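Everything below concerns the one structure shown next.
Numbering (our numbering), first residue to last: 7 to 176.
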């Protein structure tokens, strides 16, 4: 498994994966990059395309990622993460909206747990999911990072769309 650290406006990010195929993106903890797993090998030039696209996102030049990445999770997690990929830049959904989109209308809490396990935040945009009441609940990178990302996309919690406006195609 290769990894590299990358500076960003929200602090250091760590990318990891096999070859150039991304398996994870991690936020810094207390301003420091995460500690790599013992079997990870640092490669400063790894994940060039992923880093380029993340930089373009932060620069405001990219609204949709087009990368080769690997998502490893349960069938339900994968379904939720694919639903997250369908949330357009600049839009929000509630956990309940995502639960309904994946055919689990009472599963908002399970969606929250899947969101929390998302291995590739920002690229799989779990930051675009909020509580049904508009609350900015939970985010692996911390609520300040979630707020930063939402402000970067020029969206506010009042922009949650009703389920029939979601545009998911399953």
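Quick reminder that beta carbons are idealized off the backbone N, C-alpha and C, glycines included.
These numbers come from a predicted model, not from an experiment.
Sequence-distant residues of its chain with Cβ nearer than 6 Å to residue i (five each side left out)
i	result
residue 34	17, 18
residue 137	143
residue 118	101
residue 52	8, 10
residue 69	95
residue 74	27
Cβ pair residue i, residue j closer than 8 Å
i	j	result
residue 244	residue 97	In the structure displayed, the chain extends from 7 to 176; residue 244 sits before or after that span and is not available.
residue 122	residue 144	yes
residue 95	residue 159	yes
residue 120	residue 82	yes
residue 130	residue 90	yes
residue 39	residue 20	yes
Length of the line joining the Cα atoms of residue i and residue j
i	j	result
residue 155	residue 128	8 Å
residue 167	residue 47	Residue placement at residue 167 is poorly supported in this model, since its pLDDT is 47, which falls under 50; the coordinates still yield a value, given next. Whole-angstrom Cα-Cα distance: 43 Å.
residue 80	residue 151	26 Å
residue 5	residue 54	Residue coverage of the chain in this structure runs from 7 to 176, which leaves residue 5 outside it and unanswerable.
residue 36	residue 22	20 Å
residue 109	residue 99	15 Å
Same chain, Cβ closer than 8 Å to residue i, neighbours up to 5 away in sequence not counted
i	result
residue 78	29, 125
residue 105	111, 112, 113, 114, 116, 117
residue 1	Outside the displayed span of the chain (7 to 176) sits residue 1, for which this structure offers no information.
Environment of residue i [buried if 16+ CB atoms lie within 10 Å]
i	result
residue 32	buried
residue 85	buried
residue 76	exposed
Heavy atom of the ligand NAD within 7 Å of residue i beta-carbon
i	result
residue 22	What this structure holds is no ligand at all, so the ligand NAD is not there to describe.
query: Whole beta strand (DSSP E) runs in the segment 23-101 with 3 or more residues, listed along the chain?
result: Here the runs fully enclosed are 27-33.
Ranges of the alpha helix (DSSP H) found wholly within the segment 123-154, counting only runs of at least 4: For the segment 123-154, not a single whole alpha helix (DSSP H) run of length 4 or above is found.
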